[in-house]
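A.B. asks: The sequence shown begins at 3 in my numbering and counts up one residue at a time. Beta carbons are placed, not taken as given, at the ideal position from N, Cα and C, and that holds for glycine. Following this message is one structure expressed as structure tokens.
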Amino acid sequence: MTRRILRSVEDAYRRMLKEMVEYAVRHNASQATLHKVFYAKFRREYPWLPTRLIKGAYRDATRRAKSFRDAKKRGKAYTEMPEVRHVTLTFSDAQDWRLEGGALKLRIGGRL
3 MTRRILRSVE
13 DAYRRMLKEM
23 VEYAVRHNAS
33 QATLHKVFYA
43 KFRREYPWLP
53 TRLIKGAYRD
63 ATRRAKSFRD
73 AKKRGKAYTE
83 MPEVRHVTLT
93 FSDAQDWRLE
103 GGALKLRIGG
113 RL
């Protein structure tokens, strides 16, 4: 059960990140622009995801887009768009997780 939930969170994050990275590269978008363009859409698509994960995806997307643009300027990018191969989910706020009886409990869909 827990692995299935974590996998669904990871898959949602990956889809959001991929879409935002492509947009950020094409439009040289900032984190604020990504918020304006994508926040409402992703809240509707993934109402069960914590808002902090969506906002974390903005930060991740802007970093990846900037890194890709810099690599492209140096001639080190070998594709037209960056690939999202790995994702790291960050639950930094204690509101989103807690340790209970040696188990990690994550807040997904408003509940721990």
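Would you check if the distance between the CB atom of V89 and the CB atom of R16 is smaller than 8 angstroms?
C.D. replies: Cβ atoms of V89 and R16: closer than 8 angstroms.
A.B. asks: So, is R66 buried or exposed, given that buried needs 16 or more other C-beta atoms within 10 angstroms?
C.D. replies: buried
A.B. asks: Can a CB atom of chain C be found closer than 8 angstroms to the CB of K57?
C.D. replies: Considering every chain present, this structure includes no chain C. It has just one protein chain.
A.B. asks: By Cβ distance, which residues of its chain are closer than 7 angstroms to R61, with the 5 residues on each side in sequence left out?
C.D. replies: Q33
A.B. asks: Measure the alpha-carbon distance for R6 versus T53 and round it to whole angstroms.
C.D. replies: Computed Cα separation, rounded: 20 angstroms.
A.B. asks: Spatial neighbours of G58 within its chain, please: CB distance less than 7 angstroms, with the 5 preceding and 5 following residues excluded, ordered by chain position.
C.D. replies: T92
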